[in-house]
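Enquirer:
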Amino acid sequence: MTEFHTLARPDVPDAVGAPRLPRPGGRGRPDGGFRRPRAESLTGAPAALALFLAVRLTGALLVLASARSAGHAHPLALLGRSWDSLWYFGIAAHGYGEIRADHHHGELFVRSDLAFFPLYPGLVRAVTTVLPVGWGAAGLLVSWASAVLAAYGIHLVGRRLYGGAVATVLVLLWAVLPHSVVLSMAYTEPLLTAFAAWALYAVLSGRWVWAGVLAAGAGLARPNGFAVAAAVLAAAGWELRRRARARAPRTAHGTGTGTAHSPGTPDGPAASRAPGPGGPRPAADSGGSVHRLWTGAALAPLGWCGYVLWVGVRQGDPLGGYFRVQDQWGSRFDLGRGSVEFVRHFMVHATRSVHPLTVVIVVLALLLFALLLADRAPLPLLVYCGVLLLVVLGGSGYFASKPRFLLPAFPLLIPPARALVRTARARPWHAVLVVGALTGLSFAYGAYLVVFARAAL
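With this note's numbering, the residue at position 211 of the sequence shown is 270, and numbering never jumps.
(1) Just grab the DSSP bridge partners of I473 for me.
(2) Find out if the Cβ-Cβ distance for the pair G278, G271 is shorter than 8 Å.
(3) With a threshold of 16 other CB atoms inside 10 Å of the CB of G323, please say whether the residue is buried or exposed.
(4) Distance, Cα to Cα, V510 vs R302?
(5) From L432 to L441, what distance separates their C-alpha atoms?
(6) Counting Cβ pairs, one atom from each stretch, are 3 or more of them under 8 Å apart for the region 415-427 and the region 443-458?
(7) Please report the distance separating the alpha-carbon of S501 from that of G375.
(8) Give me the Cα-Cα distance between P462 and L110, rounded to the nearest whole angstrom.
(9) I'd like to check one pair, V216 with L263: are the Cβ atoms closer than 8 Å?
(10) By DSSP, does G454 sit in helix, in strand, or in coil?
(11) I'd like the ranges of any alpha helix (DSSP H) spanning at least 4 consecutive residues and lying wholly in the region 221-290.
(12) What residue from A210, G130, P177, V122 has the CA that sits closest to W146's CA?
(13) Quick one: Cα of V287 to Cα of A253, how far?
(14) Taking buried to mean at least 16 other C-beta atoms within 10 Å of its own C-beta, is V281 buried or exposed?
(15) In chain order, what residues of the same chain have a beta carbon less than 6 Å from the beta carbon of A295, not counting five sequence neighbours either side?
(16) Rounded to whole angstroms, what is the Cα-Cα separation between S239 and L138?
(17) For the alpha helix (DSSP H) containing P191, name the first residue and the last one.
(18) Note down, in chain order, each residue of its chain lying with its Cβ closer than 6 Å to the Cβ of P360, except the 5 sequence neighbours on either side.
(19) Quick one: using the 10 Å Cβ neighbour count with 16 as the cut-off for buried, is L479 buried or exposed?
(20) Can you tell me where the alpha helix (DSSP H) with L173 in it begins and where it stops?
(21) Nearest-angstrom Cα distance between F458 and H414?
(22) How many Å lie between L259 and A132 at the Cα?
(23) Determine the closest residue to A136 out of L123, A129, S128, with distance taken between C-alpha atoms.
(24) With a threshold of 8 Å, are at least 3 pairs of Cβ atoms found where one atom belongs to the region 148-160 and the other to the region 178-188?
(25) Is DSSP giving R159 helix, strand or coil here?
(26) Could you name the residues that DSSP lists as bridge partners for F511?
(27) Would you report the Cα separation of G276 and P237, rounded to the nearest angstrom?
(28) Among residues of its own chain, excluding the 5 on either side of Q385, which ones have a beta-carbon nearer than 8 Å to its beta-carbon?
(29) Which two residues bound the contiguous alpha helix (DSSP H) that contains R486?
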(Lines of atoms letter the chains of each structure in order from A; the text may use other names.)
(Lines give C-alpha, C1' and ligand atoms only; values in the text may rest on other atoms or scores of the structure.)
Protein backbone atom coordinates (compact mmCIF):
# COMPACT_ATOMS: atom_id res chain seq x y z
CA MET A 60 0.00 0.00 0.00
CA THR A 61 1.28 3.45 -0.89
CA GLU A 62 2.05 5.33 2.30
CA PHE A 63 2.09 9.09 2.78
CA HIS A 64 4.98 10.67 4.63
CA THR A 65 5.38 14.32 5.56
CA LEU A 66 8.22 16.06 3.77
CA ALA A 67 10.94 17.66 5.84
CA ARG A 68 11.80 21.26 5.03
CA PRO A 69 14.79 21.48 2.68
CA ASP A 70 16.00 24.76 4.17
CA VAL A 71 16.33 23.62 7.78
CA PRO A 72 17.94 20.56 9.40
CA ASP A 73 15.77 17.55 10.10
CA ALA A 74 14.74 16.69 13.63
CA VAL A 75 17.53 15.76 16.01
CA GLY A 76 19.00 12.44 15.03
CA ALA A 77 17.18 12.29 11.70
CA PRO A 78 19.30 11.26 8.70
CA ARG A 79 19.33 13.56 5.71
CA LEU A 80 17.32 11.70 3.07
CA PRO A 81 17.50 12.24 -0.68
CA ARG A 82 14.85 14.59 -2.02
CA PRO A 83 12.76 13.49 -5.00
CA GLY A 84 14.03 15.29 -8.05
CA GLY A 85 17.65 15.32 -6.95
CA ARG A 86 20.74 13.74 -8.51
CA GLY A 87 20.01 10.65 -10.53
CA ARG A 88 16.41 11.56 -11.45
CA PRO A 89 15.99 12.25 -15.17
CA ASP A 90 13.21 14.75 -14.58
CA GLY A 91 14.39 16.26 -11.34
CA GLY A 92 16.07 19.53 -10.75
CA PHE A 93 19.77 18.80 -10.13
CA ARG A 94 20.52 22.45 -9.60
CA ARG A 95 23.77 24.10 -10.51
CA PRO A 96 24.26 27.78 -9.68
CA ARG A 97 23.74 28.83 -13.30
CA ALA A 98 20.59 26.74 -13.75
CA GLU A 99 19.01 28.12 -10.59
CA SER A 100 18.15 31.40 -12.29
CA LEU A 101 16.27 29.53 -15.02
CA THR A 102 14.30 27.20 -12.78
CA GLY A 103 13.72 29.34 -9.70
CA ALA A 104 10.52 31.03 -8.61
CA PRO A 105 11.35 34.45 -10.16
CA ALA A 106 11.77 32.89 -13.60
CA ALA A 107 8.57 30.87 -13.21
CA LEU A 108 6.58 33.92 -12.11
CA ALA A 109 8.03 36.00 -14.95
CA LEU A 110 6.93 33.36 -17.46
CA PHE A 111 3.50 33.17 -15.88
CA LEU A 112 3.01 36.94 -15.94
CA ALA A 113 4.24 37.21 -19.52
CA VAL A 114 1.86 34.49 -20.73
CA ARG A 115 -1.19 35.73 -18.87
CA LEU A 116 -0.56 39.40 -19.72
CA THR A 117 -0.22 38.51 -23.39
CA GLY A 118 -3.42 36.47 -23.24
CA ALA A 119 -5.33 39.31 -21.58
CA LEU A 120 -4.06 41.84 -24.13
CA LEU A 121 -5.12 39.53 -26.95
CA VAL A 122 -8.62 39.31 -25.48
CA LEU A 123 -8.81 43.10 -25.24
CA ALA A 124 -7.52 43.54 -28.81
CA SER A 125 -10.03 40.99 -30.10
CA ALA A 126 -12.84 42.72 -28.25
CA ARG A 127 -11.80 46.07 -29.67
CA SER A 128 -11.69 44.68 -33.21
CA ALA A 129 -15.12 43.10 -32.69
CA GLY A 130 -16.58 46.51 -31.83
CA HIS A 131 -16.93 46.27 -28.05
CA ALA A 132 -17.02 49.75 -26.57
CA HIS A 133 -15.61 48.63 -23.19
CA PRO A 134 -13.31 45.62 -23.76
CA LEU A 135 -12.04 45.57 -20.17
CA ALA A 136 -15.59 44.95 -18.97
CA LEU A 137 -15.45 41.53 -20.62
CA LEU A 138 -12.73 40.56 -18.14
CA GLY A 139 -13.98 42.45 -15.11
CA ARG A 140 -17.77 42.28 -15.28
CA SER A 141 -18.88 38.98 -16.76
CA TRP A 142 -21.37 36.38 -15.57
CA ASP A 143 -20.70 35.31 -11.96
CA SER A 144 -18.55 38.35 -11.22
CA LEU A 145 -21.67 40.52 -11.32
CA TRP A 146 -23.19 38.46 -8.53
CA TYR A 147 -20.02 38.82 -6.46
CA PHE A 148 -19.97 42.58 -6.96
CA GLY A 149 -23.59 42.77 -5.83
CA ILE A 150 -22.67 40.93 -2.64
CA ALA A 151 -19.66 43.20 -2.12
CA ALA A 152 -21.80 46.31 -2.53
CA HIS A 153 -24.98 45.36 -0.68
CA GLY A 154 -24.38 42.11 1.18
CA TYR A 155 -26.41 38.95 0.75
CA GLY A 156 -30.09 38.94 -0.05
CA GLU A 157 -30.49 39.33 -3.82
CA ILE A 158 -32.88 36.91 -5.53
CA ARG A 159 -33.52 36.80 -9.26
CA ALA A 160 -36.30 35.01 -11.09
CA ASP A 161 -36.08 34.18 -14.78
CA HIS A 162 -37.60 31.78 -17.28
CA HIS A 163 -35.51 29.31 -19.25
CA HIS A 164 -37.15 27.01 -21.79
CA GLY A 165 -40.50 27.70 -20.18
CA GLU A 166 -39.32 26.84 -16.67
CA LEU A 167 -39.11 29.34 -13.81
CA PHE A 168 -35.79 29.59 -11.95
CA VAL A 169 -35.47 31.48 -8.66
CA ARG A 170 -31.81 32.05 -7.88
CA SER A 171 -30.28 33.42 -4.70
CA ASP A 172 -26.85 34.99 -4.21
CA LEU A 173 -26.39 32.73 -1.18
CA ALA A 174 -24.93 30.20 -3.62
CA PHE A 175 -21.77 32.36 -3.81
CA PHE A 176 -19.17 32.08 -1.07
CA PRO A 177 -18.13 35.22 0.82
CA LEU A 178 -14.33 35.51 0.70
CA TYR A 179 -13.97 36.95 -2.81
CA PRO A 180 -16.64 39.66 -2.46
CA GLY A 181 -15.21 40.51 0.95
CA LEU A 182 -11.76 41.05 -0.56
CA VAL A 183 -13.24 43.09 -3.41
CA ARG A 184 -15.00 45.35 -0.93
CA ALA A 185 -11.78 45.74 1.05
CA VAL A 186 -9.93 46.83 -2.11
CA THR A 187 -12.56 49.44 -2.94
CA THR A 188 -12.32 50.73 0.61
CA VAL A 189 -8.56 51.20 0.34
CA LEU A 190 -8.19 52.20 -3.32
CA PRO A 191 -10.27 54.64 -5.43
CA VAL A 192 -11.35 52.00 -7.96
CA GLY A 193 -14.65 50.55 -9.11
CA TRP A 194 -15.97 47.06 -8.52
CA GLY A 195 -14.69 45.64 -11.80
CA ALA A 196 -11.16 46.96 -11.30
CA ALA A 197 -11.14 45.74 -7.70
CA GLY A 198 -12.28 42.30 -8.79
CA LEU A 199 -9.51 42.11 -11.37
CA LEU A 200 -6.91 43.23 -8.85
CA VAL A 201 -7.96 40.50 -6.42
CA SER A 202 -8.00 37.85 -9.15
CA TRP A 203 -4.66 38.85 -10.66
CA ALA A 204 -2.93 39.03 -7.29
CA SER A 205 -4.41 35.64 -6.37
CA ALA A 206 -3.21 34.15 -9.67
CA VAL A 207 0.37 35.28 -8.99
CA LEU A 208 0.25 33.90 -5.44
CA ALA A 209 -1.19 30.66 -6.82
CA ALA A 210 1.62 30.38 -9.38
CA TYR A 211 4.18 30.88 -6.62
CA GLY A 212 2.54 28.22 -4.46
CA ILE A 213 2.36 25.80 -7.40
CA HIS A 214 6.07 26.32 -8.00
CA LEU A 215 6.86 25.59 -4.35
CA VAL A 216 4.88 22.35 -4.45
CA GLY A 217 6.50 21.22 -7.70
CA ARG A 218 9.98 22.20 -6.53
CA ARG A 219 9.63 20.35 -3.25
CA LEU A 220 8.61 17.14 -4.98
CA TYR A 221 10.48 17.11 -8.29
CA GLY A 222 12.96 20.01 -8.44
CA GLY A 223 13.06 23.45 -9.99
CA ALA A 224 12.81 22.46 -13.66
CA VAL A 225 9.58 20.51 -13.22
CA ALA A 226 8.21 23.24 -10.95
CA THR A 227 8.77 25.94 -13.58
CA VAL A 228 7.19 23.84 -16.33
CA LEU A 229 4.28 23.06 -14.01
CA VAL A 230 3.56 26.77 -13.58
CA LEU A 231 3.89 27.33 -17.33
CA LEU A 232 1.45 24.53 -18.18
CA TRP A 233 -1.06 25.92 -15.70
CA ALA A 234 -0.75 29.30 -17.42
CA VAL A 235 -1.50 27.90 -20.89
CA LEU A 236 -4.47 25.65 -20.15
CA PRO A 237 -7.32 26.14 -22.65
CA HIS A 238 -9.49 27.86 -20.01
CA SER A 239 -6.64 29.78 -18.37
CA VAL A 240 -8.23 33.00 -19.63
CA VAL A 241 -10.28 32.70 -16.44
CA LEU A 242 -7.09 33.52 -14.51
CA SER A 243 -7.23 36.97 -16.11
CA MET A 244 -10.89 37.54 -15.25
CA ALA A 245 -12.78 38.54 -12.12
CA TYR A 246 -13.49 34.95 -11.08
CA THR A 247 -12.77 32.99 -7.92
CA GLU A 248 -10.67 30.13 -9.34
CA PRO A 249 -7.36 32.00 -8.89
CA LEU A 250 -8.23 32.68 -5.25
CA LEU A 251 -9.09 29.05 -4.56
CA THR A 252 -5.94 27.83 -6.33
CA ALA A 253 -3.79 30.18 -4.25
CA PHE A 254 -5.18 28.83 -0.98
CA ALA A 255 -4.98 25.25 -2.26
CA ALA A 256 -1.38 25.46 -3.46
CA TRP A 257 -0.10 27.03 -0.27
CA ALA A 258 -2.13 24.66 1.91
CA LEU A 259 -0.72 21.64 0.07
CA TYR A 260 2.78 23.05 0.41
CA ALA A 261 2.18 23.54 4.13
CA VAL A 262 1.09 19.91 4.48
CA LEU A 263 4.11 18.64 2.54
CA SER A 264 6.44 20.68 4.73
CA GLY A 265 4.75 19.68 8.01
CA ARG A 266 3.23 23.08 8.83
CA TRP A 267 -0.09 21.70 10.01
CA VAL A 268 -1.58 24.82 11.59
CA TRP A 269 -0.90 26.86 8.47
CA ALA A 270 -2.37 24.07 6.38
CA GLY A 271 -5.57 24.17 8.44
CA VAL A 272 -5.86 27.95 8.26
CA LEU A 273 -5.33 27.98 4.50
CA ALA A 274 -7.78 25.13 3.99
CA ALA A 275 -10.38 27.08 5.97
CA GLY A 276 -9.77 30.05 3.67
CA ALA A 277 -10.22 27.85 0.62
CA GLY A 278 -13.53 26.69 2.07
CA LEU A 279 -14.71 30.30 2.15
CA ALA A 280 -13.67 30.94 -1.47
CA ARG A 281 -15.68 28.44 -3.51
CA PRO A 282 -18.13 25.53 -3.05
CA ASN A 283 -15.49 23.02 -4.18
CA GLY A 284 -13.00 24.52 -1.73
CA PHE A 285 -13.75 21.68 0.67
CA ALA A 286 -11.39 19.60 -1.51
CA VAL A 287 -8.49 21.35 0.26
CA ALA A 288 -9.89 20.49 3.69
CA ALA A 289 -10.36 16.88 2.55
CA ALA A 290 -6.69 16.74 1.50
CA VAL A 291 -5.49 18.16 4.83
CA LEU A 292 -7.71 15.82 6.84
CA ALA A 293 -6.61 12.77 4.83
CA ALA A 294 -2.94 13.67 5.23
CA ALA A 295 -3.36 14.34 8.95
CA GLY A 296 -5.16 11.04 9.47
CA TRP A 297 -2.48 9.13 7.60
CA GLU A 298 0.29 10.85 9.56
CA LEU A 299 -1.42 10.03 12.87
CA ARG A 300 -1.74 6.43 11.76
CA ARG A 301 1.93 6.30 10.82
CA ARG A 302 2.99 7.75 14.16
CA ALA A 303 0.79 5.30 16.06
CA ARG A 304 2.32 2.38 14.15
CA ALA A 305 5.82 3.76 14.77
CA ARG A 306 5.15 3.72 18.54
CA ALA A 307 3.58 0.27 18.56
CA PRO A 308 5.67 -2.70 19.85
CA ARG A 309 6.91 -5.29 17.39
CA THR A 310 4.54 -8.05 18.38
CA ALA A 311 5.18 -9.96 15.18
CA HIS A 312 8.66 -10.99 16.39
CA GLY A 313 7.75 -11.17 20.03
CA THR A 314 10.69 -9.17 21.38
CA GLY A 315 11.64 -5.57 21.90
CA THR A 316 9.95 -2.44 20.80
CA GLY A 317 10.46 -0.43 17.69
CA THR A 318 8.90 0.61 14.46
CA ALA A 319 6.07 -1.44 13.06
CA HIS A 320 6.68 -2.56 9.49
CA SER A 321 4.25 -3.25 6.73
CA PRO A 322 5.06 -5.37 3.68
CA GLY A 323 6.63 -3.28 0.95
CA THR A 324 6.79 -0.12 3.07
CA PRO A 325 10.23 1.30 3.86
CA ASP A 326 10.23 2.01 7.59
CA GLY A 327 13.20 2.50 9.85
CA PRO A 328 16.64 2.44 8.21
CA ALA A 329 15.23 1.35 4.86
CA ALA A 330 13.51 4.70 4.57
CA SER A 331 16.86 6.32 3.86
CA ARG A 332 17.15 4.21 0.71
CA ALA A 333 13.56 4.63 -0.47
CA PRO A 334 11.89 7.72 0.93
CA GLY A 335 8.47 6.84 -0.47
CA PRO A 336 5.96 8.86 -2.47
CA GLY A 337 5.64 11.63 0.05
CA GLY A 338 9.36 12.09 0.61
CA PRO A 339 11.26 11.94 3.91
CA ARG A 340 9.33 12.00 7.15
CA PRO A 341 10.21 13.38 10.57
CA ALA A 342 12.28 10.99 12.65
CA ALA A 343 11.02 12.16 16.01
CA ASP A 344 7.52 12.94 17.18
CA SER A 345 6.88 15.47 19.90
CA GLY A 346 3.79 16.36 21.82
CA GLY A 347 3.90 19.84 20.32
CA SER A 348 3.92 18.55 16.76
CA VAL A 349 0.99 16.23 17.46
CA HIS A 350 -0.89 19.13 18.99
CA ARG A 351 -0.24 21.25 15.88
CA LEU A 352 -1.36 18.38 13.68
CA TRP A 353 -4.67 18.06 15.51
CA THR A 354 -5.13 21.85 15.46
CA GLY A 355 -4.61 22.01 11.71
CA ALA A 356 -7.02 19.15 11.12
CA ALA A 357 -9.66 20.84 13.28
CA LEU A 358 -9.28 24.19 11.48
CA ALA A 359 -9.34 22.82 7.94
CA PRO A 360 -13.12 22.28 7.46
CA LEU A 361 -14.28 25.32 9.46
CA GLY A 362 -14.53 27.74 6.52
CA TRP A 363 -16.69 25.59 4.27
CA CYS A 364 -18.80 24.08 7.06
CA GLY A 365 -19.29 27.47 8.70
CA TYR A 366 -20.68 29.11 5.57
CA VAL A 367 -22.87 26.14 4.64
CA LEU A 368 -24.36 26.08 8.14
CA TRP A 369 -24.86 29.87 8.11
CA VAL A 370 -26.80 29.66 4.86
CA GLY A 371 -28.79 26.73 6.23
CA VAL A 372 -29.76 28.66 9.35
CA ARG A 373 -30.72 31.64 7.24
CA GLN A 374 -32.90 29.38 5.09
CA GLY A 375 -34.50 27.72 8.11
CA ASP A 376 -32.83 24.37 7.44
CA PRO A 377 -29.34 24.23 8.97
CA LEU A 378 -28.24 21.03 7.22
CA GLY A 379 -30.11 21.26 3.94
CA GLY A 380 -30.69 24.95 3.29
CA TYR A 381 -27.49 25.58 1.36
CA PHE A 382 -28.02 22.55 -0.87
CA ARG A 383 -31.55 23.71 -1.60
CA VAL A 384 -30.11 27.04 -2.75
CA GLN A 385 -27.72 25.22 -5.06
CA ASP A 386 -30.54 23.07 -6.37
CA GLN A 387 -32.37 26.23 -7.42
CA TRP A 388 -29.38 26.96 -9.64
CA GLY A 389 -29.65 23.50 -11.18
CA SER A 390 -26.52 22.38 -9.36
CA ARG A 391 -26.83 19.12 -7.49
CA PHE A 392 -24.79 15.99 -6.89
CA ASP A 393 -26.46 13.22 -8.89
CA LEU A 394 -23.55 10.75 -9.23
CA GLY A 395 -22.91 11.88 -12.79
CA ARG A 396 -26.34 11.24 -14.28
CA GLY A 397 -26.65 14.84 -15.45
CA SER A 398 -23.20 14.78 -17.06
CA VAL A 399 -23.90 11.51 -18.85
CA GLU A 400 -27.23 12.81 -20.10
CA PHE A 401 -25.59 15.98 -21.37
CA VAL A 402 -22.88 14.08 -23.26
CA ARG A 403 -25.51 11.79 -24.76
CA HIS A 404 -27.56 14.78 -25.88
CA PHE A 405 -24.44 16.53 -27.17
CA MET A 406 -23.48 13.53 -29.29
CA VAL A 407 -26.88 13.61 -30.96
CA HIS A 408 -27.64 17.35 -31.00
CA ALA A 409 -24.43 19.39 -30.84
CA THR A 410 -25.56 22.96 -30.21
CA ARG A 411 -22.55 24.89 -28.86
CA SER A 412 -19.04 24.96 -30.29
CA VAL A 413 -17.51 25.04 -26.79
CA HIS A 414 -18.89 21.65 -25.84
CA PRO A 415 -16.51 19.38 -27.83
CA LEU A 416 -13.41 20.78 -26.13
CA THR A 417 -15.21 20.67 -22.78
CA VAL A 418 -15.74 16.93 -23.16
CA VAL A 419 -12.10 16.47 -24.25
CA ILE A 420 -10.80 18.42 -21.23
CA VAL A 421 -12.85 16.38 -18.76
CA VAL A 422 -11.66 13.10 -20.32
CA LEU A 423 -8.04 14.30 -20.29
CA ALA A 424 -8.40 15.26 -16.63
CA LEU A 425 -9.41 11.67 -15.84
CA LEU A 426 -6.43 10.30 -17.75
CA LEU A 427 -4.05 12.68 -15.98
CA PHE A 428 -5.47 11.62 -12.62
CA ALA A 429 -4.78 8.00 -13.54
CA LEU A 430 -1.18 8.97 -14.38
CA LEU A 431 -0.90 10.82 -11.07
CA LEU A 432 -2.02 7.67 -9.26
CA ALA A 433 0.44 5.54 -11.22
CA ASP A 434 3.19 8.03 -10.36
CA ARG A 435 2.49 7.45 -6.63
CA ALA A 436 2.02 11.14 -5.93
CA PRO A 437 1.71 12.24 -2.28
CA LEU A 438 -1.63 11.48 -0.67
CA PRO A 439 -2.84 15.09 -0.19
CA LEU A 440 -2.39 15.82 -3.91
CA LEU A 441 -4.34 12.70 -4.84
CA VAL A 442 -7.19 13.44 -2.44
CA TYR A 443 -7.37 17.08 -3.51
CA CYS A 444 -7.58 16.27 -7.23
CA GLY A 445 -9.85 13.30 -6.61
CA VAL A 446 -12.42 15.39 -4.77
CA LEU A 447 -12.35 18.11 -7.45
CA LEU A 448 -12.88 15.49 -10.15
CA LEU A 449 -15.67 13.88 -8.13
CA VAL A 450 -17.47 17.22 -7.88
CA VAL A 451 -17.06 17.88 -11.61
CA LEU A 452 -18.11 14.43 -12.76
CA GLY A 453 -20.74 13.71 -10.14
CA GLY A 454 -22.41 17.11 -10.15
CA SER A 455 -25.00 18.41 -12.55
CA GLY A 456 -25.17 21.99 -13.73
CA TYR A 457 -23.91 23.94 -16.71
CA PHE A 458 -21.55 21.51 -18.44
CA ALA A 459 -19.42 24.14 -20.17
CA SER A 460 -18.26 25.41 -16.75
CA LYS A 461 -16.58 22.12 -15.83
CA PRO A 462 -13.14 23.02 -17.29
CA ARG A 463 -13.21 26.17 -15.16
CA PHE A 464 -13.95 24.07 -12.07
CA LEU A 465 -10.87 21.96 -12.92
CA LEU A 466 -8.48 24.91 -13.14
CA PRO A 467 -7.51 24.61 -9.44
CA ALA A 468 -6.54 20.93 -9.99
CA PHE A 469 -2.96 21.86 -10.88
CA PRO A 470 -1.40 18.60 -9.57
CA LEU A 471 -2.94 16.87 -12.60
CA LEU A 472 -0.30 18.68 -14.66
CA ILE A 473 2.62 17.05 -12.82
CA PRO A 474 2.91 14.01 -15.15
CA PRO A 475 2.99 16.11 -18.36
CA ALA A 476 5.35 18.59 -16.69
CA ARG A 477 7.82 15.82 -15.88
CA ALA A 478 7.50 14.42 -19.39
CA LEU A 479 8.09 17.84 -20.91
CA VAL A 480 11.25 18.33 -18.85
CA ARG A 481 12.59 15.01 -20.09
CA THR A 482 11.72 16.01 -23.65
CA ALA A 483 13.41 19.39 -23.24
CA ARG A 484 16.65 17.73 -22.15
CA ALA A 485 16.62 15.19 -24.94
CA ARG A 486 15.07 17.23 -27.78
CA PRO A 487 14.77 20.92 -26.83
CA TRP A 488 13.04 22.03 -30.02
CA HIS A 489 10.33 19.41 -29.58
CA ALA A 490 9.54 20.88 -26.17
CA VAL A 491 9.50 24.39 -27.63
CA LEU A 492 7.01 23.31 -30.29
CA VAL A 493 4.75 21.68 -27.70
CA VAL A 494 4.75 24.75 -25.45
CA GLY A 495 4.21 27.04 -28.43
CA ALA A 496 1.24 25.00 -29.64
CA LEU A 497 -0.34 24.93 -26.18
CA THR A 498 0.19 28.67 -25.77
CA GLY A 499 -1.35 29.45 -29.14
CA LEU A 500 -4.37 27.27 -28.35
CA SER A 501 -4.78 28.95 -24.97
CA PHE A 502 -4.66 32.47 -26.43
CA ALA A 503 -6.97 31.73 -29.36
CA TYR A 504 -9.51 29.71 -27.41
CA GLY A 505 -9.54 32.17 -24.52
CA ALA A 506 -10.29 35.08 -26.86
CA TYR A 507 -12.96 33.03 -28.58
CA LEU A 508 -14.66 32.10 -25.30
CA VAL A 509 -14.77 35.63 -23.93
CA VAL A 510 -15.27 37.75 -27.05
CA PHE A 511 -16.98 35.71 -29.74
CA ALA A 512 -18.72 32.71 -28.13
CA ARG A 513 -19.80 34.75 -25.11
CA ALA A 514 -20.08 31.43 -23.32
CA ALA A 515 -21.07 31.48 -19.68
CA LEU A 516 -17.84 30.37 -18.10
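No residue lacks a Cβ here, since even glycine has one placed at the ideal position from N, Cα and C.
Expert: On the basis of the supplied data:
(1) By DSSP's assignment, I473 forms no beta bridge with any residue.
(2) 8 Å or more divides the Cβ of G278 from the Cβ of G271.
(3) With a pLDDT of 34 at G323, under the threshold of 50, the modelled position of that residue is not reliable, and the figure given next carries that caveat. Within 10 angstroms of the beta-carbon of G323 lie fewer than 16 other beta-carbons, which makes it exposed.
(4) Distance between V510 and R302, taken at the CA atoms: about 54 Å.
(5) The C-alpha of L441 is placed about 7 Å away from the C-alpha of L432.
(6) At 8 Å Cβ cutoff, the stretches touch.
(7) When rounded, the distance between both Cα atoms is 44 Å.
(8) For P462 and L110, the distance between alpha carbons rounds to 23 Å.
(9) Yes; because the gap between Cβ atoms is below 8 Å, this pair is in contact.
(10) Three-state DSSP puts G454 in a strand.
(11) Within the region 221-290, the alpha helix (DSSP H) runs of at least 4 residues that lie entirely inside it are, in chain order, 223-234, 248-263, 267-278.
(12) W146 has its Cα closest to that of P177, out of A210, G130, P177, V122.
(13) When rounded, the separation of the alpha-carbon atoms in V287 and A253 is 11 Å.
(14) Looking at the sequence provided, one finds Arg at residue 281 rather than Val. Looking at its Cβ environment, which holds 16 or more other Cβ atoms inside 10 Å, R281 is buried.
(15) Cβ within range, chain order: L352, A356.
(16) Roughly 12 Å between the two C-alpha positions.
(17) Note, P191: premise wrong, no alpha helix (DSSP H); not H, not E.
(18) So the list reads A288, once near-sequence residues are dropped.
(19) Buried is the call here.
(20) First-last for L173: undefined, no H or E at that position.
(21) Roughly 8 Å between the two C-alpha positions.
(22) L259 and A132: Cα-Cα distance of roughly 42 Å.
(23) The shortest Cα separation from A136 among L123, A129, S128 belongs to L123.
(24) In short, these stretches touch, since the Cβ pair count reaches three.
(25) In the displayed model, R159 falls within a strand according to three-state DSSP.
(26) Assignment of beta-bridge partners to F511 by DSSP yields no partner.
(27) The straight-line gap from Cα to Cα measures roughly 27 Å.
(28) Within the same chain, Q385 has close Cβ partners A174, P282, R391.
(29) It is not in any alpha helix (DSSP H) - R486 carries neither H nor E in the DSSP assignment.
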